[in-house]
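Engineer: What follows is a structure written as structure tokens; I'll ask about it next.
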Amino acid sequence: MPRHRFPALHSWKISYAKAKQVQQELFPLVELRDGLHKVNKVAGVDVGFEDKNTVARAAVVILSYPALQTVETTLARRKVQFPYIPGYLSFREIPPILAALSKVEQLPDVILCDGQGYAHPRRFGLACHLGVITGIPSIGVAKTRLVGEHAAVPNRKGAWTPLLDKGETIGAALRTRRDVKPVYVSVGHKLCLTTAIEIVMVCCTNYRLPETTRAAHSLASRSKPSGARSIRPVSSPGC
DNA sequence: GCGACAG
DNA sequence: ATCTTGTCGC
Numbered sequence: 001m002p003r004h005r006f007p008a009l010h011s012w013k014i015s016y017a018k019a020k021q022v023q024q025e026l027f028p029l030v031e032l033r034d035g036l037h038k039v040n041k042v043a044g045v046d047v048g049f050e051d052k053n054t055v056a057r058a059a060v061v062i063l064s065y066p067a068l069q070t071v072e073t074t075l076a077r078r079k080v081q082f083p084y085i086p087g088y089l090s091f092r093e094i095p096p097i098l099a100a101l102s103k104v105e106q107l108p109d110v111i112l113c114d115g116q117g118y119a120h121p122r123r124f125g126l127a128c129h130l131g132v133i134t135g136i137p138s139i140g141v142a143k144t145r146l147v148g149e150h151a152a153v154p155n156r157k158g159a160w161t162p163l164l165d166k167g168e169t170i171g172a173a174l175r176t177r178r179d180v181k182p183v184y185v186s187v188g189h190k191l192c193l194t195t196a197i198e199i200v201m202v203c204c205t206n207y208r209l210p211e212t213t214r215a216a217h218s219l220a221s222r223s224k225p226s227g228a229r230s231i232r233p234v235s236s237p238g239c
């Protein structure tokens, strides 16, 4: 039984050309000003795939903030109905994410997404799309770059340089730890870049990626159906 | 036409 | 994303 209902801003059964149109139509709804009062809970969302990419598993992990203790987790499985096309990731991952998010008891104050937010060709990446649909402030934290360029990032924890595209700052290349590659942070919805960076840094304790992302990723990838995937297959039956 | 290209 | 063993380093 879904505890939350999110508005259907558009159909998910659309072509790639129509998807581009949806991004352009929803872009104006993105709010770039801080709309945060007090952050008590942050959520990490991630999606994994099985059956030759025909089924998607979305995981939502809610952590207390800034203590980062697990408050609750939810999972959802959905048939995949949109291919992975750079620039259109949200159309592939949001359906299962909404299914998992609707099961949560108490919605988070902020959502950290696995992918870009504003740092997108049309400034409407996964984090923006999810934020506009849910109305929840969101942040995009990607492991690699989609668009934009940036100067070298100083090798110090917390250091960052602006990610630029067509003369505009679209995000930040952030060094979450010393001696690791930077991650790409961009705003999703209802907050500004500096606030996003602050929150991401608080969520990064001992690893390159924020705890929210790590928790959601491990939940999404180890929860295979029938629980038969965590067992290592035997290679030589005759021993 | 030739590269680039979140997960 | 996913398929996969070992291996280098703290």
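The first sequence begins at 1 in the numbering used here and counts up one residue at a time. Built from N, CA and C at the ideal position, the CB exists for glycine as well.
#1: Mind checking which residues open and close the alpha helix (DSSP H) that includes A220?
#2: Roughly how many angstroms separate the alpha carbons of L219 and D114, rounded to a whole number?
#3: At the level of alpha carbons, what is the spacing between T195 and M1?
#4: Assuming V183 contacts L174 (C-beta within less than 8 Å), just tell me the rounded distance between them.
#5: Is it right to say L326 is buried, meaning 16 or more other beta carbons lie within 10 angstroms of its own, or is it exposed?
#6: Would you mind sorting E149 into buried or exposed? The rule is 16 or more other CB atoms within 10 Å of its CB.
#7: In its own chain, which residues sit with a C-beta less than 7 Å from the C-beta of G48, not counting the 5 before and 5 after it?
#8: Give the secondary structure of L36 by DSSP, where H, G and I count as helix, E and B as strand, and everything else as coil.
#9: D46: buried (16+ other C-beta within 10 angstroms of its C-beta) or exposed?
#10: Is L126 near the ligand SAH, going by C-beta to nearest heavy atom under 7 Å?
#11: Say whether the segment 98-116 touches the segment 72-89, bearing in mind that this needs 3 or more beta-carbon pairs closer than 8 Å, one atom from each stretch.
#12: Extract the residue ranges of the beta strand (DSSP E) inside the segment 36-74, only unbroken runs of 3 or more that lie entirely within it.
#13: For H129, count neighbouring Cβ atoms within 10 angstroms of its own Cβ and tell me buried if that reaches 16, exposed if not.
#14: Return helix, strand or coil for V30, following the three-state DSSP convention.
#15: Return yes when the Cβ of G167 is within less than 8 Å of the Cβ of H120, no when it is not.
#16: Determine the direct distance from the alpha carbon of A100 to that of T205, and round the result to whole angstroms.
Structural biologist: Reading off the structure:
#1: Working through the first sequence from its first residue, we reach residue 220 at position 220. A220 -> alpha helix (DSSP H) spans 211-222.
#2: Taking the first sequence and counting its residues from 1, one reaches residue 219 at position 219. Taking the first sequence and counting its residues from 1, one reaches residue 114 at position 114. When rounded, the distance between both Cα atoms is 14 Å.
#3: Residue 195 sits at position 195 when you count from the first residue of the first sequence. Residue 1 sits at position 1 when you count from the first residue of the first sequence. Straight-line Cα distance between these residues: approximately 34 Å.
#4: Here residue 183 corresponds to residue number 183 of the first sequence, with the count starting at 1. Here residue 174 corresponds to residue number 174 of the first sequence, with the count starting at 1. Indeed, because the Cβ distance is near 6 Å, the residues count as touching under 8 Å.
#5: A query on residue 326 cannot be resolved here, the shown segment of the chain reaching from 1 to 239 and no further.
#6: By 1-based counting over the first sequence, the position of residue 149 is 149. E149 should be labelled exposed.
#7: Here the question's residue 48 lines up with position 48 in the first sequence. These residues qualify, in order along the chain: R57, A220, S221.
#8: On the first sequence, position 36 is the one that residue 36 refers to. Three-state DSSP puts L36 in coil, outside helix and strand.
#9: Counted from its first residue, the first sequence places residue 46 at position 46. Result: buried.
#10: The ligand SAH is not part of the structure shown, which contains no ligands of any sort.
#11: yes
#12: 41-50, 55-64
#13: Stepping through the first sequence from its first residue, residue 129 is reached at position 129. So H129 ends up on the buried side.
#14: Your numbering for residue 30 matches position 30 in the first sequence. Coil.
#15: Numbered from its first residue, the first sequence carries residue 120 at position 120. Numbered from its first residue, the first sequence carries residue 167 at position 167. No.
#16: As a first step, residue 205 must be located in the first sequence, where it is residue number 205. As a first step, residue 100 must be located in the first sequence, where it is residue number 100. Roughly 26 Å separates the two Cα atoms.
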